[in-house]
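Asks: In the order they appear, the protein sequences are chains A and B.
Residue numbers for the first sequence, in our numbering: 1 to 349.
Residue numbers for the second sequence, in our numbering: 1 to 404.
We treat Cβ as the ideally placed atom computed from N, Cα and C, and that holds for glycine.
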Amino acid sequence: MSRFSARWRARARTVAGQWTAWKGQWEVERHLERALEGDGPIIAGPWCSEVGYEVLYWIPFLRWVMAAYRIPENRLIALSRGGTASWYRGVAGRYVEIFDHIPPSEYGARAAAGHIKQRETSAFDTGVVRRVSEALALPASTAVLHPSLMFRWFAPFWSGHETLGFVERHTRYASIVSPQVDIPIALPAEYAAVKLYRARSLPDEPAVRAQLRTLVDALSDRMPVVHLDTGLGLDDHADYALDSRGRRLSVNGLLEPRTNLAVQTRIAAGARVFVGTCGSLAWLTPLLGIPTIPVFTDASFLHAHLHLARRVYGRVGAAPFSPVDLSGVIHAGLAWAAPHAAVASSRES
Amino acid sequence: MALPNIWRAAMNLAAARIRRVERRGRNVTRLVQQAAKKVNRVAELAIHAPRHVRARWHRSQAAAVRMRNRYRRLDDHVLTPFRSERRIKRTLWRASSGNRALIVGPWTSEVGYEALYWIPFLTWATQRYGVRPERVIALSRGGTRDWYAGIAGRYVEIFDLVDPPAFAEQAAARRDRGDQKQVEASDFDRELIERASSHLGVRGAAVWHPGLMYQLFRPFWYGDRSLEFFLRHTDFRYAPLDSGVAGVGPLPVDYVAVKFYTGPALPDTPANRALLRDLVARLARRSAVVVLDTAWSIDEHRDYAFDDIPGVTTVRPSLDPRTNLGVQTRVIAGARQFVGTCGGLAWLAPFLRVPTIAIYESDRYLTAHLYAARHAYRRYDAARFSTLNITAIRGIGAALAKAS
């Protein structure tokens, strides 16, 4: 009897969970439709969260919205930061830079306070939209597609309650082109781009740091390494400061907040290989056509993203995406070392 | 009597008339204004009619699309899976009712699916349908009795019923038919069930065929069912193994178990062979290595052999088809680490409390399994599971070297 009732309780829980998920999805749908009504401009943003979510979910989601609701590109105004206009090409007819309207210090303070994910529309977001609308003299009828819609839409997938198929049905992935922006350093003809920062998936521990150092050394023995450490402190991830013995170039201290991501994108797009913490630009570079080696030691927070990335990158013809679980190397008692063996390059492979 | 003030009366009358006229005028003006407003409104409606019609059309179209999408979602996520799930669960329930013996199997497909899906599925199903182990007969190959501990009271070894070459022939035929997975029961499966029944002297046994599991989880592998659904239909509590490895020569006290085999995840190429060889040699310089290679193959996978490397021991001479998987399992359970191809026994090792490093070159067929396994390991507090992608190693152009 107790088994019987437990079974029904479990069923009821499942149905209730599913119902809650549906209600959330329907609400998002209603918000979307309301925002897309009429012929007025639509602000997509302001995007103030992580680069990874922007590339892997937000932009593909916008691309799907535009296609599914037949919205002309010229209605959409992408509102983001760091000069990411090229990421929105084919999605939004116009790009507005947040740092043209908000001082980076104000933006950085928000990130430092830990308000990274935009699950709700914050006062900061509302303020950004208001200032941008005033500055651009946008009509009062301008609608806002806030990132919280996307966060709420895909949250059940991240928690394992929604299917990968659901995400695939509500996103459209496409290649991203490199922006035309000036680069503050002289780049070699051939180089590896590296962006290693501390994250939950790559915590700052002595063993991890040692591995990363030897990894970068191994790379720099083969070709010059360009470090994309910004030193701007615009988010909650600090870059690893790795002194490598080989040819090392860095953009640290040379970037402006309003173009920092554009410059990083341009540098990454010209690299032979991109190696970085699994997150942020590592989700972008395969779509730029650059073989990517994302590194992590703890995949606990990455399962869903890795699952999705592996599926969609293959489908859109992105460059190889080869995640490295550094804990495998560490726990095998091994280390990366300088190669002298002839090994085919990633591009060749 | 006072005379009436004619002049004043006339003025009053005139004023009253004027007021009346004014009132009428105002009324007329109001009416005209109202009419004008109406005309304006109608004109405005007429002017904006196409836009309004378009908007209304868009709204109704959006509503229709929304309803269609909702229905599709309902059909995709609820109705179709529910029908399939109900059919599978009804089959499970029917077979579990009564006191008949219950054959689970025959398992003739890959080791990885057996370890990662079939056994956890059976653990869940036997609990869910209240089937006691005394009733359950596991039918598998390679001496995997230990894997079914707590699920099945009896175990029938398929290689006691058919010769390994005949089994390999049937497996190859199944592959040729494009049906490597046991989604449906084949004639060979039915024959094995009959032979197992007569081997044990059991009549009228019910059967839970692996196809039930494959049909239930296939939508998950294709991305049409959620992780939560998968975890709801599995239980990864593996029974602990008794210590000791029977039938194998003396093993080192402290060793790393290694098993590399070819497959889509780790194709047999000169570059891969060299890299794996280098890796095993480096492992062997740090500690004893026991390689779990076999001298035969009953499926499309071939084991890499490394026993010519100093410090590497092979259990090959001790393995025979009837017991090889059981022996390999116990060797892994006694190891301090397992390193092998991502697949097969690598999925099992973390549940044996052995830290595992799974190596692959291509994750094309691994994504759903990695997703499922990593969540299961975390949920069931299994040993550490790390992956090593050799494409990345090659991409960086680095070789693995001994840590300083």
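Check whether the region 204-216 of chain B and the region 181-189 of chain B touch, using three or more Cβ-Cβ pairs below 8 Å as the test.
Replies: At 8 Å Cβ cutoff, the stretches touch.
Asks: If the cut-off is 8 Å on Cβ atoms, which residues from the region 367-384 of chain B count as contacting chain A, listed in chain order?
Replies: Residues T367, A368, L370, Y371, R374, H375, R378 and R384.
Asks: Does DSSP classify S178(A) as helix, strand or coil?
Replies: On the first sequence, residue 178(A) is found 178 positions in, with the first residue counted as 1. Correct three-state label for S178(A): coil.
Asks: Counting only Cβ pairs nearer than 7 Å, list the residues of chain A close to P363(B).
Replies: Along the second sequence, read from residue 1 onward, the residue named residue 363(B) stands at position 363. A small fix is needed here, since residue 363(B) is Asp in this sequence, not Pro. Residues of chain A passing the Cβ test: R310.
Asks: Taking the continuous alpha helix (DSSP H) assigned at T387(B), which residues delimit it?
Replies: Taking the second sequence and counting its residues from 1, one reaches residue 387(B) at position 387. Unbroken run through T387(B) is the beta strand (DSSP E), F385 to N389; no alpha helix (DSSP H).
Asks: Return the residue from the list P46(A), P294(A) and R266(A) that minimises the CA-CA distance to L149(A).
Replies: Here residue 149(A) refers to the residue found at position 149 when the first sequence is read from its first residue. Looking at the Cα atoms, P46(A) is the closest of the given residues.
Asks: Under the assumption that G340(B) contacts F260(B) (Cβ atoms under 8 Å), give the Cβ distance between them as a whole number of angstroms.
Replies: Residue 340(B) sits at position 340 when you count from the first residue of the second sequence. Residue 260(B) sits at position 260 when you count from the first residue of the second sequence. Going by Cβ atoms, the distance from G340(B) to F260(B) rounds to 6 Å, so yes, they are a contact pair.
Asks: Between which two residues does the beta strand (DSSP E) carrying I82(B) extend?
Replies: Counting from one through the second sequence, the residue named residue 82(B) turns up at place 82. For the sequence presented, residue 82(B) should be read as Phe rather than Ile. Careful: F82(B) lies outside any beta strand (DSSP E), inside the alpha helix (DSSP H) at T80 to S96.
Asks: Assign H101(A) to buried or exposed, taking buried as 16 or more other Cβ atoms, counted over all protein chains shown, within 10 Å of its Cβ.
Replies: The residue labelled residue 101(A) in the question sits at position 101 within the first sequence. Classification of H101(A): buried, given that the 10 Å Cβ count is 16 or more.
Asks: Consult DSSP for H31(A) and reduce its assignment to one of helix, strand or coil.
Replies: Position 31 of the first sequence holds residue 31(A). It is helical.
Asks: Per DSSP, T163(A) forms a beta bridge with which residues?
Replies: Residue 163(A) sits at position 163 when you count from the first residue of the first sequence. None, per the DSSP bridge assignment.
Asks: Between V327(B) and the ligand FMN, is there a pair consisting of the residue's CB and a ligand heavy atom that are separated by less than 7 Å?
Replies: No copy of the ligand FMN appears in this structure; indeed no ligand is present at all.
Asks: Mind pulling the chain A residues with CB within less than 7 Å of L227(B)?
Replies: For the purposes of this step, residue 227(B) is taken as residue 227 along the second sequence, with counting starting at 1. What L227(B) touches in chain A: G160.
Asks: When burial is assigned at 16 or more other CB atoms within 10 Å of the CB, is R394(B) buried or exposed?
Replies: In the second sequence, residue 394(B) corresponds to position 394, counting from 1. Burial call: buried.
Asks: Taking the alpha-carbon positions, what's the L138(A) to V91(A) distance?
Replies: Position 138 of the first sequence, counted from the start, is the residue given in the question as residue 138(A). Position 91 of the first sequence, counted from the start, is the residue given in the question as residue 91(A). If I take the Cα positions, the gap works out to 19 Å.
Asks: Contact between the region 186-196 of chain A and the region 216-231 of chain A: three or more CB pairs below 8 Å?
Replies: Verdict: yes, contact present.
Asks: Let me check one thing: in DSSP terms, what residues is H227(A) bridge-paired to?
Replies: Within the first sequence, residue 227(A) is the residue found at index 227, counting from 1. Paired residues: V194(A) and S250(A).
Asks: From R34(A) to H52(B), what does the alpha carbon distance come to, in whole angstroms?
Replies: Counting from 1 along the first sequence, the entry for residue 34(A) is found at position 34. Counting from 1 along the second sequence, the entry for residue 52(B) is found at position 52. If I take the Cα positions, the gap works out to 16 Å.
Asks: Candidates R237(B), L352(B), A138(B) and A372(B): which alpha carbon is nearest P120(B)'s?
Replies: On the second sequence, residue 120(B) is found 120 positions in, with the first residue counted as 1. P120(B) has its Cα closest to that of R237(B), out of R237(B), L352(B), A138(B) and A372(B).
Asks: Give the DSSP bridge partners of Y255(B), in chain order.
Replies: In the second sequence, counting from the first residue as 1, residue 255(B) sits at position 255. Note: Y255(B) sits in a beta bridge opposite A288(B).
Asks: Touch check for the region 166-183 of chain A and the region 264-272 of chain A: three-plus C-beta pairs under 8 Å?
Replies: Yes, the region 166-183 of chain A is in contact with the region 264-272 of chain A.
Asks: Are G83(A) and L261(A) touching if we call contact CB-CB under 8 Å?
Replies: The residue you call residue 83(A) lines up with position 83 of the first sequence. The residue you call residue 261(A) lines up with position 261 of the first sequence. Yes. Within cutoff.
Asks: Does the count of Cβ pairs from the region 251-258 of chain A and the region 64-83 of chain A closer than 8 Å reach three?
Replies: Yes: the two stretches touch, three or more of their Cβ pairs being nearer than 8 Å.
Asks: Would you list, in sequence order, the uninterrupted alpha helix (DSSP H) runs of no fewer than 4 residues that lie entirely inside the region 94-163 of chain A?
Replies: Taking only runs of at least 4 residues, the alpha helix (DSSP H) segments lying wholly in the region 94-163 of chain A are 104-112, 123-136 and 147-158.
Asks: Is L164(A) close to chain B, meaning its C-beta is less than 8 Å from at least one C-beta of that chain?
Replies: Within the first sequence, residue 164(A) is the residue found at index 164, counting from 1. Yes, L164(A) lies at the interface with chain B (some Cβ there is under 8 Å from its Cβ).
Asks: Threshold first: 3 residues or longer. Then list the beta strand (DSSP E) segments lying entirely within the region 96-162 of chain B, N to C.
Replies: Listed in chain order, they are 102-104, 136-140 and 154-157.
Asks: Which whole-angstrom value describes the C-beta separation of L283(B) and V258(B), a residue pair presumed to lie in contact below a C-beta threshold of 8 Å?
Replies: Here residue 283(B) refers to the residue found at position 283 of the second sequence. Here residue 258(B) refers to the residue found at position 258 of the second sequence. With 8 Å as the limit, L283(B) and V258(B) qualify as a contact, their Cβ atoms being about 7 Å apart.
Asks: T84(A) by DSSP, collapsed to three states: which one?
Replies: Residue numbering aside, residue 84(A) sits at position 84 when the first sequence is read from its first letter. T84(A) falls in the coil class under three-state DSSP.
Asks: Taking 8 Å as the CB-CB cut-off, is E168(A) touching chain B?
Replies: As a position in the first sequence, residue 168(A) is number 168, starting the count at 1. Output row for E168(A): interface = yes.
Asks: Give the straight-line distance between the Cα atoms of G334(B) and L122(B), rounded to the nearest whole angstrom.
Replies: The count along the second sequence starts at 1 and reaches residue 334(B) at position 334. The count along the second sequence starts at 1 and reaches residue 122(B) at position 122. In a straight line, the C-alpha of G334(B) is about 25 Å away from that of L122(B).
Asks: Taking the alpha helix (DSSP H) that G276(A) falls in, what are its first and last residues?
Replies: In the first sequence, residue 276(A) corresponds to position 276, counting from 1. Premise fails: G276(A) lies in the beta strand (DSSP E), V273 to T277, not in any alpha helix (DSSP H).
Asks: Nearest CA to the CA of V55(A): which residue from H146(A), R152(A), R172(A) and S105(A)?
Replies: Locating residue 55(A) in the first sequence gives position 55, where the first residue counts as 1. It is R172(A) whose Cα lies nearest to the Cα of V55(A).
Asks: Buried or exposed: where does I390(B) fall if 16 or more other Cβ atoms within 10 Å of its Cβ makes it buried?
Replies: The count along the second sequence starts at 1 and reaches residue 390(B) at position 390. Burial call: buried.
Asks: Please report the straight-line C-alpha distance between L241(B) and R272(A), rounded to a whole angstrom.
Replies: Locating residue 241(B) in the second sequence gives position 241, counting from the first residue. Locating residue 272(A) in the first sequence gives position 272, counting from the first residue. Their Cα atoms are separated by approximately 49 Å.
Asks: Of all the residues that make up the region 29-50 of chain A, which are near chain B by a beta-carbon distance shorter than 8 Å?
Replies: Those residues of the region 29-50 of chain A that come within reach of chain B (Cβ to Cβ, closer than 8 Å) are E29, E33, E37 and G38.
Asks: Where does P206(A) sit, in a helix, a strand or coil, going by DSSP?
Replies: For this step, residue 206(A) is matched to residue 206 along the first sequence. P206(A): helix per DSSP, three-state reduction.
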